[in-house]
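Numbering (the numbering used here), first residue to last: 33 to 341.
A virtual CB, placed ideally from N, CA and C, is assigned to each residue, including glycine.
On a predicted model such as this, the values are computed, not experimentally measured, just so you know.
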């Protein structure tokens with residue numbers, strides 16, 4: 033483990049490896065518990081859980097903090113199955129940065145990572161969520177999250193997965209209330225993977241805003257299907273930006289942008305493209321001394337960098 037990872041582990045607020053909680057670091061401003069304990073201790077949390085949780089984390093941010101929260105969920109042993117129920121609540125007017133890391137510590141563990149959860153942003157709360165996945169070649173991943181944004185709340189969600197599992201099913205629903213905004217940026221690199229993603233933003237109240245930006249790269253026998261939907265119920269604005277690069281003749285990228293407008297004062301827009309890297313770009317870089325592989329990797333890095341904040 034390099035020094036950067038050691039430092040991150042020491043600073044992490046919650047670490048779970050396989051099915052065991054290894055570390056919790058809370059303060060008076062942050063309540064952090066295993067979800068099972070939170071369910072038993074705080075009766076009001078039960079309305080947010082689908083059923084009594086057996087594993088997962090509960091994070092309740094009650095006061096101002098000046099450091100990023102760090103949550104790490106890892107698979108270490110072969111054929112481990114995780115089934116997480118998570119709940120994050122950010123109270124009124126707080127501005128929080130959260131780094132979430134979910135990964136396999138080796139490439140050949142054949143693990144299962146499932147998680148469901150809710151993230152609640154109270155009035156005027158701001159959450160900047162950097163979410164990173166890194167999986168092994170035979171892992172299975174399935175996630176399902178609801179984000180509930182109260183009045184004037186602001187969500188910035190940056191998801192990066194440059195090491196994809198064998199199969200991945202990702203679903204999220206974002207509910208925006210009055211004057212709230214959601215900005216989703218998703219970068220995914222599929223290598224011999226089957227990926228299905230569905231993201232829905234519900235603009236439920238006036239002056240709410242929603243933006244979804246995707247950058248997908250498909251390599252080596254991959255299949256990516258993405259359904260991205262913005263539903264406008266009041267006077268609001270939404271935009272979809274979906275782009276994919278196909279780098280292998282046996283790869284498929286299927287983008288399905290959907291705009292559903294239920295209000296005459298709402299404005300919804302989208303742009304989408306799927307294609308290959310232009311030969312001129314590759315040839316130019318090869319003239320500079322790069323190999324074809326190096327040229328492609330450099331172009332892909334720039335493609336992702338545009339939305340990886």
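Setting aside the 5 residues that flank it on each side, residue 61 is surrounded in the same chain by 93, 94, 95, 96, 97, each with a C-beta closer than 8 Å to its C-beta; the list follows chain order. Under the three-state reduction of DSSP output, residue 324 falls in the helix class. Residue 277 and residue 256 have their C-alpha atoms some 11 Å from each other. The beta carbon of residue 70 sits closer than 6 Å to those of 77, 90, all from its chain and outside the five residues before and after it, given in chain order. Rounded to the nearest angstrom, the Cβ distance from residue 155 to residue 184 is 6 Å, consistent with a contact under 8 Å. Apart from the 5 residues on each side of it in sequence, residue 205 sits with its Cβ closer than 6 Å to the Cβ of 178, 232 in its chain, given in chain order.
In the structure shown, residue 136 falls within a strand segment according to DSSP collapsed to helix, strand and coil. Here DSSP, grouped into helix, strand and coil, assigns residue 126 to coil. Along the segment 184–213, the beta strand (DSSP E) occurs as fully enclosed runs of 3 or more residues at 186–195, 199–208, listed in sequence order. Classified as exposed, residue 75 has fewer than 16 neighbouring CB atoms from the shown chains inside 10 Å of its CB. In this structure, the beta-carbon distance from residue 195 to residue 236 does not fall below 8 Å. Under the 10 Å beta carbon count, residue 107 is surrounded by 16 or more other beta carbons and is classified as buried. Leaving aside the five residues that flank residue 263 on each side, the residues in its chain whose CB is nearer than 6 Å to its CB run, in chain order, 234, 292. The Cβ-Cβ distance between residue 67 and residue 141 does not fall below 8 Å. Taking C-alpha positions only, residue 152 is separated from residue 311 by approximately 46 Å.
If only complete runs of 3 or more residues are kept, the segment 270–321 shows the beta strand (DSSP E) at 284–293, 299–307, in order along the chain. Contact between residue 147 and residue 175 holds: their C-beta atoms lie close to 5 Å from each other, under 8 Å.
The three-state secondary structure of residue 69, taken from DSSP, is helix. Judged by DSSP secondary structure, residue 51 falls outside any beta strand (DSSP E); it is assigned neither H nor E. The beta carbon of residue 286 is closer than 6 Å to those of 257 in its chain, skipping five residues each way along the sequence. Exposure of residue 99 is indicated by the presence of fewer than 16 other C-beta atoms within 10 angstroms of its C-beta. Around the beta carbon of residue 299, fewer than 16 other beta carbons lie within 10 angstroms, which makes this residue exposed. Exposed is the label assigned to residue 315, since fewer than 16 other Cβ atoms lie within 10 Å of its Cβ.
Residue 240 is positioned such that its CB atom lies no closer than 8 Å to that of residue 274. The criterion of a C-beta distance shorter than 8 Å is not satisfied by residue 225 and residue 192.
Excluding its 5 nearest sequence neighbours in each direction, residue 301 has C-beta neighbours in its own chain below 6 Å: 271, listed in chain order. Burial is judged here by how many other beta carbons sit within 10 angstroms of a residue's own beta carbon; residue 173 has at least 16 and is buried. Where residue 177 is concerned, the enclosing beta strand (DSSP E) starts and stops at 172–181. Residues of the same chain with a CB within less than 7 Å of the CB of residue 127, apart from the 5 flanking positions on each side, are 158 in chain order. Between residue 46 and residue 103, the CB-CB gap stays under 8 Å.
In this structure, the CA atom of residue 328 is about 17 Å from the CA atom of residue 254. Per DSSP, reduced to three states, the secondary structure at residue 217 is strand.
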